[in-house]
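**Student:**
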Amino acid sequence: MLLRVLHGLVILLIPSVASFMFDNEIVGEPKVDCEDTMLALTFKTRKPFSGRVYVQGLSDDERCAQGFAKNTNQSR
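All residue numbers for the sequence shown refer to the working numbering, where the first residue is 42 and numbers rise by one.
(1) Within this structure, are the beta carbons of residue 109 and residue 84 separated by less than 8 angstroms?
(2) Per DSSP, residue 122 is paired with what?
(3) Do you know offhand how far residue 97's Cα is from residue 106's?
(4) In its own chain, which residues sit with a C-beta less than 7 angstroms from the C-beta of residue 66, not counting the 5 before and 5 after it?
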C-alpha cells in the first residue's frame, strides 16, 4: 500500500513528456507516516503548493484525495 501511495505521488508530481511543466518541485524526501486508520504524507516544495494529492486510481474517492487549491497553511 505504501509503495502504491508513493508511486501515485510520483506520478502526480513529475510531469510526463505529454503534459505541461509545473514551475515547482519537491525538495528533499517526502515523509510517509502509516497509522492504523490513516496515512500522513509530508513534503516540502520549492514554491507554495497548489493542487491535489491522491492515491493513484482513487482520485474520485474523497477519502483518498486532498486538495490544496487555496492552500494557506504553508510554512516557508
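Ideal Cβ placement from N, Cα and C applies to all residues, glycine included.
Bear in mind the structure is a predicted one, so any value in this text is a computation, not a measurement.
**Tutor:** In this structure, then:
(1) no
(2) Given that the chain is displayed from residue 42 to residue 117, the structure contains no residue 122 and the question cannot be resolved.
(3) 9 angstroms
(4) 86, 87
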